[in-house]
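Line order of the protein sequences matches chains A and B.
Under this note's numbering, the first residue of the first sequence is numbered 4, with each subsequent residue one higher.
Under this note's numbering, the first residue of the second sequence is numbered 4, with each subsequent residue one higher.
What follows is a single structure, written as structure tokens, with notes after it.
2 protein chains.
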Amino acid sequence: MSTDQVVAGETATVPGDVAYAAGMTATDPASRVVRKDVARNQALLLAAADEVFTERGADATLDDIARHAGVGVATAYRHFENKQALLAAMFEDRLNKILQMMEDADALPDPRESFEAFVYGVAAMQSHDRGMREVMRTDHGIDKVSAIRQRVQPIAIRIVERARAAGILRPELETNDIPMVLWMTGAISDYAGPVSPDLWRRYLDLMLDGMLAESLPRRTISVPALDQSQLETAMHNWHSHR
Amino acid sequence: MSTDQVVAGETATVPGDVAYAAGMTATDPASRVVRKDVARNQALLLAAADEVFTERGADATLDDIARHAGVGVATAYRHFENKQALLAAMFEDRLNKILQMMEDADALPDPRESFEAFVYGVAAMQSHDRGMREVMRTDHGIDKVSAIRQRVQPIAIRIVERARAAGILRPELETNDIPMVLWMTGAISDYAGPVSPDLWRRYLDLMLDGMLAESLPRRTISVPALDQSQLETAMHNWHSHR
DNA sequence: GGTGAAACGGAGCAAAGAACTCCCTTTCCC
DNA sequence: GGGAAAGGGAGTTCTTTGCTCCGTTTCACC
Numbered sequence: 004m005s006t007d008q009v010v011a012g013e014t015a016t017v018p019g020d021v022a023y024a025a026g027m028t029a030t031d032p033a034s035r036v037v038r039k040d041v042a043r044n045q046a047l048l049l050a051a052a053d054e055v056f057t058e059r060g061a062d063a064t065l066d067d068i069a070r071h072a073g074v075g076v077a078t079a080y081r082h083f084e085n086k087q088a089l090l091a092a093m094f095e096d097r098l099n100k101i102l103q104m105m106e107d108a109d110a111l112p113d114p115r116e117s118f119e120a121f122v123y124g125v126a127a128m129q130s131h132d133r134g135m136r137e138v139m140r141t142d143h144g145i146d147k148v149s150a151i152r153q154r155v156q157p158i159a160i161r162i163v164e165r166a167r168a169a170g171i172l173r174p175e176l177e178t179n180d181i182p183m184v185l186w187m188t189g190a191i192s193d194y195a196g197p198v199s200p201d202l203w204r205r206y207l208d209l210m211l212d213g214m215l216a217e218s219l220p221r222r223t224i225s226v227p228a229l230d231q232s233q234l235e236t237a238m239h240n241w242h243s244h245r
Numbered sequence: 004m005s006t007d008q009v010v011a012g013e014t015a016t017v018p019g020d021v022a023y024a025a026g027m028t029a030t031d032p033a034s035r036v037v038r039k040d041v042a043r044n045q046a047l048l049l050a051a052a053d054e055v056f057t058e059r060g061a062d063a064t065l066d067d068i069a070r071h072a073g074v075g076v077a078t079a080y081r082h083f084e085n086k087q088a089l090l091a092a093m094f095e096d097r098l099n100k101i102l103q104m105m106e107d108a109d110a111l112p113d114p115r116e117s118f119e120a121f122v123y124g125v126a127a128m129q130s131h132d133r134g135m136r137e138v139m140r141t142d143h144g145i146d147k148v149s150a151i152r153q154r155v156q157p158i159a160i161r162i163v164e165r166a167r168a169a170g171i172l173r174p175e176l177e178t179n180d181i182p183m184v185l186w187m188t189g190a191i192s193d194y195a196g197p198v199s200p201d202l203w204r205r206y207l208d209l210m211l212d213g214m215l216a217e218s219l220p221r222r223t224i225s226v227p228a229l230d231q232s233q234l235e236t237a238m239h240n241w242h243s244h245r
């Protein structure tokens with residue numbers, strides 16, 4: 004988790020407010036002693052929320068998360084106010100990770116490395132994290148998320164333009180193709196993740212060979228296609244996802 | 004609709020059974036006169052089911068379909084027994100269309116034309132039809148559908164092998180890559196279909212340039228990327244899909 | 001240790017959605 | 001015109017989900 008830590012071995016003092024519980028525990032201007040069960044449950048809940056969100060995404064219920072954390076539902080509601088608030092926190096956390104990743108990629112000196120680090124990096128982050136995939140697909144109408152999104156786009160544009168200027172892109176490729184390509188790798192993970200977690204690499208490699216300049220040599224494909232039984236398993240698992 | 008027609012201007016006789024209502028109207032060995040309101044409603048329901056399934060897929064309720072057909076729910080249940088039966092009929096219909104298409108593609112003499120007709124053809128069929136996409140993704144545990152699926156696969160293998168023998172495929176490409184590629188174009192339609200119904204072609208072109216032999220010239224990309232506002236609309240529409 | 005305020009927990013509630021049925025009314029064929 | 005079959009839609013049952021109520025437990029402070 005990259006969110007504020009409230010692990011507290013000693014009884015700690017409550018900061019102004021904790022992102023998720025805004026307006027709930029805040030009582031007085033004066034600092035207050037926080038009970039250690041509160042701190043413990045907060046940490047448990049944050050960890051559980053992160054895990055559950057990773058594997059079930061926004062469909063998870065607060066009941067799920069509470070059970071996962073080993074606490075009662077009411078405790079979850081005492082910490083998160085409602086499901087929207089929790090979702091917003093998780094979404095924000097995920098988007099910030101993406102932002103961070105992109106800034107790192109943008110900082111690489113070589114335009115091609117920068118471009119590939121960007122595309123591979125984001126695809127990798129979302130591949131094992133259903134919540135991350137959902138963040139990339141929609142902002143769920145959460146303002147804070149849209150706000151971070153605003154900061155993401157210029158970086159993407161800069162990376163793509165730098166790659167184009169270096170002559171490594173197929174000329175028709177546009178910045179808006181990137182979200183669609185990432186959407187496709189995410190779809191691969193939705194479908195085949197359970198049977199072959201890295202399968203997205205195969206298809207991203209394939210697509211990159213169509214996206215990069217024709218003069219560049221083809222890349223080697225590192226991940227094998229699904230075999231027959233994997234394909235059938237993926238297909239059978241699918242309809243439980245609705 | 005490619006399903007049995009029961010349009011009947013004259014009062015007709017009931018055949019052994021109609022696929023969907025199997026075991027419901029069948030009474031005696033002797034033929035029986037069918038009332039014209041029954042025939043009319045049957046036709047209305049089939050048409051409505053097809054339409055609704057095309058745009059909402061398996062999520063549609065029988066209530067939806069009945070309303071769409073302008074009849075009461077009970078009438079729908081008199082014709083279809085239950086939702087499973089209707090779904091099975093629609094799925095079967097869709098898969099048969101795919102089978103037909105593939106046989107046509109297989110019959111083309113040129114291996115490359117055959118391969119491209121196959122991939123483009125299936126992608127096109129599913130692009131404007133959510134029900135079709137669902138059929139391709141899972142058999143929903145319906146036996147009849149699995150049965151047709153068994154007949155589809157050898158044709159796909161034959162087309163791909165013929166293309167490979169003709170040297171037009173990238174050597175690493177396998178038959179099992181095809182469902183994944185079609186899954187990806189379907190995902191594009193899921194996301195962007197409402198704002199740009201043909202966008203899948205752009206990404207299929209891109210992928211084909213990575214899937215075909217390196218020696219072949221790149222294809223021209225016929226469909227433009229989404230512009231900013233289309234991308235935003237697609238993103239905003241998405242979360243209603245869940 | 002005792003105490004009271006705060007936190008806990010889980011049964012339970014309300015709302016929504018979906019599949020399907022009951023039963024009164026209407027339509028049709030003879 | 002009669003009676004059997006079909007129609008229609010309000011209503012029933014079942015499930016899911018988001019959230020709360022309230023009796024019980026925990027903890028910080030004394």
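Don't be surprised by glycine CBs; every beta carbon is placed ideally from N, CA and C.
- One Cα belongs to residue 55 of chain A, the other to residue 130 of chain A, and the distance between them is close to 15 Å.
- Judged by their CB atoms, residue 145 of chain A and residue 87 of chain A are nearer to each other than the 9 Å cut-off.
- The DSSP-derived three-state label of residue 226 of chain A is coil.
- Judged by their CB atoms, residue 98 of chain B and residue 136 of chain B are not nearer to each other than the 9 Å cut-off.
- Within a 10 Å sphere around the beta-carbon of residue 239 of chain B sit fewer than 16 other beta-carbons, which makes this residue exposed.
- The shortest C-alpha to C-alpha distance from residue 45 of chain A to any of A/75, A/179, A/227 is the one to A/75.
- By the rule that beta-carbons nearer than 9 Å mark a contact, residue 157 of chain B does not touch chain A.
- Among the CB atoms of chain B, none fall inside 9 Å of the CB of residue 236 of chain A.
- With 16 or more other Cβ atoms from the protein chains shown falling within 10 Å of its own Cβ, residue 141 of chain B counts as buried.
- Chain-order list of chain A residues neighbouring residue 182 of chain B: 234, by C-beta distance under 7 Å.
- Taking a 10 Å sphere around the C-beta of residue 52 of chain A, we find 16 or more other C-beta atoms and assign the residue as buried.
- At a Cβ-Cβ threshold of 9 Å, residue 122 of chain A and residue 41 of chain A do not count as neighbours.
- Chain-order list of chain A residues neighbouring residue 141 of chain B: 238, 239, 241, 242, by C-beta distance under 8 Å.
- Closest by C-alpha distance to residue 230 of chain B, out of B/198, B/212, B/242, is B/198.
- Boundaries of the alpha helix (DSSP H) around residue 95 of chain A: 86–110.
- Looking at the backbone, the Cα of residue 177 of chain A and that of residue 128 of chain A are separated by about 22 Å.
- The beta-carbon separation of residue 94 of chain A and residue 138 of chain A, rounded to 5 Å, stays under the 8 Å limit for a contact.
- As the crow flies, the alpha-carbon of residue 180 of chain A is around 42 Å from that of residue 73 of chain B.
- In the three-state DSSP reduction, residue 234 of chain A falls in the helix class (H, G or I).
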